[in-house]
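Okay, so the sequence shown: first residue is 23 according to our numbering, each after it adds one. Built from N, CA and C at the ideal position, the CB exists for glycine as well.
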Amino acid sequence: MSRLSYTYRGLIVPVLTPFNNDGTLNLDVIPQYATYLAKKGINGILVNGTSGEGTSMSVAERKLITEAWVKATKYTKQHLMIQVGGAPFPDVIQLAKHAEILRVDSILCLPELYFKPTTPQQLIEYLESIGKAAPNTPLLYYHIPMLTNVNIHMGQFLDLIGQKIPSFVGIKFTSSNLDEGAQALHANNKEYVIFLGNDQLLNPAYSLGIDSFIMTSINIFPELVLDLLAASKKGDILKAKNLQEKLSSAVLAITKHGNWVQTMKTAMSLLTDINIGLPRAPLTSLSSDALAIMITDLTNLGYEPRLKLN
């Protein structure tokens, strides 16, 4: 079988999952959320990833979120990627089948998180099962070793996968190891798409040839990220450097207060009109002291945070 075609390149935003005060899903926000991003020029959506707290939800909830985004993106015409991993294996298979039935544009999958693969071959065998469950949907692997402790080298993995999974098209590479990222990019004659998942390395990664990015900060700073990508494409080195420093400063001001998700959700509520709510347990909301410091830091960076947290 020939490999599935997958032509999407550029930016994908890993959307945050909106919760009500009682911890239930707030699906009503999603159409507004999709429209907000579309109007900002963001054409790709990732659902149920790390920033979307996919591993903190039940299978039924993950299906509901996916269905809500399918409906929303039907009107906004955004590329829809669904992350199906991070659950017991039968549930991952079920989520992959569900995503394919809904005709999403692509599937992203974490590795097995308990009986972790330790070799490229073991990872390939795991992903083969996902590919068979959704054979008509482009499949990408989600490499995020700082959270999964799966440290398989992505260049070696991509060189070995060959034609074993006809639906396999690339990876989300969430790492600061750009040497490994570059090897992944050049694997098998640049056959695979590499989405970098590091908000602070867009500019240097682009100089290495990586042209696609999945970055949480797009939720909050879409114009800044688009300008940064445009400057990198044009080869405007000084402008790209300055914009990367501006984005990195904002990301550091936000994330120094705790977990990536809880801090990004806080910043989303401070700097946009989207009511994203609080993170779900086991994550908690930020302390009032941390919130005050974040507001001060963002103000000093030229932003206008507004206190409207629940």
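*Measure from the alpha carbon of L102 to the alpha carbon of each residue in G66, A155, S229, then state which is nearest.*
G66
_Which residue marks the beginning of the beta strand (DSSP E) containing I67, and which one marks its end?_
66 to 69
*Which residues does DSSP pair with P160 in a beta bridge?*
The partner list for P160 (beta bridge, DSSP) is empty, contrary to what the question assumes.
*Consult DSSP for H165 and reduce its assignment to one of helix, strand or coil.*
strand
*If you run the structure through DSSP and keep just helix, strand and coil, what is H120?*
helix
*asked:* Suppose contacts are defined by Cβ-Cβ distances below 9 Å. Is A121 in contact with A156 by that definition?
replied: yes
_Beta-carbon contacts of N281 that lie in its chain and below 7 Å, excluding the five residues immediately before and after_ = L305
*What is the rounded straight-line gap between the Cα of Q295 and the Cα of I129?*
In the sequence as displayed, the identity of residue 295 is Asp instead of Gln. So the alpha carbons of these two residues sit roughly 29 Å apart.
*asked:* Below 8 Å, how does it come out for the segment 183 to 193 and the segment 207 to 218: are there three or more Cβ pairs, yes or no?
replied: yes
*Can you tell me which of N171, D127, L149 puts its alpha carbon nearest to the alpha carbon of K138?*
N171
*Do the segment 283 to 303 and the segment 247 to 265 make contact, defined as three or more Cβ pairs closer than 8 Å?*
no
*Opposite S234 in the DSSP bridges: which residues?*
F217
*asked:* Residues in the same chain with beta-carbon distance under 6 Å from T77, minus the five sequence neighbours each way, listed in chain order, please.
replied: G108
*Per DSSP, P36 is paired with what?*
L68
*Nearest to L326 (by Cα), restricted to the options S291, D311, S310*: Reading off the sequence shown, one finds Glu at residue 326, where the question assumed Leu. The option with the nearest alpha carbon to E326 is S291.
*asked:* As an exercise, report each continuous beta strand (DSSP E) stretch of at least 3 residues that is fully enclosed by the segment 38 to 117, in chain order.
replied: 66 to 69, 101 to 105
_Per the DSSP calculation, F179 is bridged to which residue(s)?_
Paired residue(s): none; F179 is not in a bridge.
*Cβ atoms of T46 and E75: under 9 Å apart, would you say?*
no
*Measure the CB-CB distance between L218 and S234 and report whether it falls below 9 Å.*
yes
*Roughly how many whole angstroms lie between the Cα atoms of G324 and Q266?*
15 Å
*Going by C-alpha distance, which of M79, K99, I104 is nearest E89?*
I104
_Whole-Å CB distance - R84 paired with L117, under 8 Å assumed_ = 6 Å
*Would you call the CB atoms of P226 and L200 closer than 9 Å?*
yes
*asked:* According to DSSP, L130 sits in a beta bridge with which residue or residues?
replied: Q105, L162
*Under three-state DSSP, which class holds G192?*
strand
*Return the residue from the list L49, T141, N220, V69 that minimises the CA-CA distance to V273.*
N220
*Roughly how far, in whole angstroms, is the beta-carbon of L149 from the beta-carbon of F190, given that I think they are within contact range, below 8 Å?*
7 Å
_Just verifying my parser: in three-state terms, what is the DSSP assignment at P226?_
helix
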